[in-house]
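Residue 57 is where the sequence shown starts when you use the UniProt record's numbering, and the numbers rise one by one after that. Below is one structure, written out as structure tokens; comments come after it.
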Amino acid sequence: REGWMNRLKTGLKKTGGGIQAVFVNAQIDDALYEELEDALLMADTGIPATTHILQDLKDRVWRTSATTPAAVRAQLVESVAEVLRPLQRPLEVGRHTPTVIMVAGVNGAGKTTSIGKLTKHLANSNCSVLLAAADTFRAAAREQLAVWADRNLVEIVSQEGGDPGAVSFDAVNAGRARGKDVVLVDTAGRLPTQLHLMDELKKIKRVVTKADGTAPHEVVLVIDGNTGQNALSQVQAFDEALGLTGLVVTKLDGTAKGGVLCAIARWGAQRKGGPVPVYFIGVGEKLEDLETFDAHEFAQALIG
Ligand code: GDP
57 REGWMNRLKT
67 GLKKTGGGIQ
77 AVFVNAQIDD
87 ALYEELEDAL
97 LMADTGIPAT
107 THILQDLKDR
117 VWRTSATTPA
127 AVRAQLVESV
137 AEVLRPLQRP
147 LEVGRHTPTV
157 IMVAGVNGAG
167 KTTSIGKLTK
177 HLANSNCSVL
187 LAAADTFRAA
197 AREQLAVWAD
207 RNLVEIVSQE
217 GGDPGAVSFD
227 AVNAGRARGK
237 DVVLVDTAGR
247 LPTQLHLMDE
257 LKKIKRVVTK
267 ADGTAPHEVV
277 LVIDGNTGQN
287 ALSQVQAFDE
297 ALGLTGLVVT
307 KLDGTAKGGV
317 LCAIARWGAQ
327 RKGGPVPVYF
337 IGVGEKLEDL
347 ETFDAHEFAQ
357 ALIG
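This is the structure we're talking about:
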């Protein structure tokens, strides 16, 4: 665990560096809070979360009579951790067999890589996995998924040029017939046709439900943590279309925009169904570079 924390810390240095710099030789005054506000906004924390964090920080500083920059910084870690805490909830599989997890995300977000990592993670916890290559539009996506399947020694349902709905339907049935614990459905991130991506994904979701009345049990969106506020817009759009149950935030091993998790948390606080949890974070390109999300550790890595 040490290793990934260091990687996250090193990665988030780009985000946190600006925030940490504010505390160097600082006085505890209005100017400090103004500089903090700028630094948090630069890290793509967004206005609502930044306002919330700063108000909470001022309360904490007053309550704890913090007088040194180090003490204020420690309170900032607590403020950020508290904002992030609602996002901390593990992915649970096992209530349904198979648990059908639909995975969405725009191209380049790290969806295929994350599915590979997730497969390994599940296999490590003794779950049998079946992959469904429902991104039938991109041959490369199918091939990439087959490589991950090989590496993880799991079965894959794939069909060249097939219909994404049909592949998903077959996969859910095959998963049930073969007694798999989890079916991971990889969906398209962009369509080469005039067809609207969200319509396509909604259709896959409907078809999956046809194959199993309780499925999909999870609709997980993979977002690139490096895209900051744009990632938040994606979360909102996909949630509106599909109803998200969880997130995977990738590329946190080298981003200046790690504050976006706070923005996602504040958005989630207003959401009707409650916040969308971050099941995993991606901290590198390798299969093992997937970690469960811990709010306090993340805040600590961010603020130092
Ligand atoms: P997809 O188009 O969404 O399926 O994206 P890919 O899974 O193909 O990933 C796009 C690029 O991002 C690849 O070069 C991956 O190696 C890289 N990538 C994915 N996740 C991470 C991560 O957590 N950290 C880093 N540094 N790179 C990642």
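Where a beta carbon is used, it is the ideal one built from N, C-alpha and C, also for glycine.
Per-residue DSSP class, three states only, for L320 = A small fix is needed here, since residue 320 is Ile in this sequence, not Leu. Looking at I320 - three-state DSSP - the assignment turns out to be helix.
Do you know how far the Cα of G338 is from the Cα of G166?
-> 9 Å
Could you spell out where the alpha helix (DSSP H) holding F225 opens and where it closes?
-> 220-233
Taking the C-alpha atoms as reference points, what is the distance between D191 and V185?
-> 18 Å
Is it the case that the Cβ atoms of K313 and G269 are separated by a distance below 7 Å?
-> no
Rounded to a whole number of angstroms, what is the C-alpha to C-alpha distance between D295 and G164?
-> 19 Å
E296 - DSSP class collapsed to helix/strand/coil = helix
First and last residue of the beta strand (DSSP E) that includes F336?
-> 334-338
Are there 16 or more other CB atoms within 10 angstroms of the CB of residue 381, so buried, or fewer, so exposed?
-> Nothing can be reported for residue 381, as the shown portion of the chain is limited to 57 through 360.
Pull up the distance between the alpha-carbon of L88 and that of K65, whole angstroms please.
-> 23 Å
Rounded distance between the beta-carbons of L317 and V304, thought under 8 Å | Not quite, the Cβ-Cβ distance comes to about 12 Å (not below 8 Å), so this is no contact.
Taking the alpha-carbon positions, what's the S214 to A189 distance?
-> 5 Å
What residues are listed by DSSP as bridge partners for G302?
-> V276
Compute the Euclidean distance between the alpha carbons of E256 and L300, then round it to the nearest angstrom.
-> 16 Å
Leaving out five residues on either side along the sequence, give the residues of the same chain with a beta carbon under 8 Å from the beta carbon of G218.
-> T192
Bounding residues of the beta strand (DSSP E) (the contiguous stretch that carries L240) | 238-242
Could you have a look at E216 and say whether DSSP puts it in helix, strand or coil?
-> coil
When every heavy atom of the ligand GDP is checked, does at least one fall within less than 6 Å of the C-beta of A188?
-> no
Endpoints, beta strand (DSSP E) assigned at E347 | 346-348
Nearest-angstrom Cα distance between S135 and D94?
-> 17 Å
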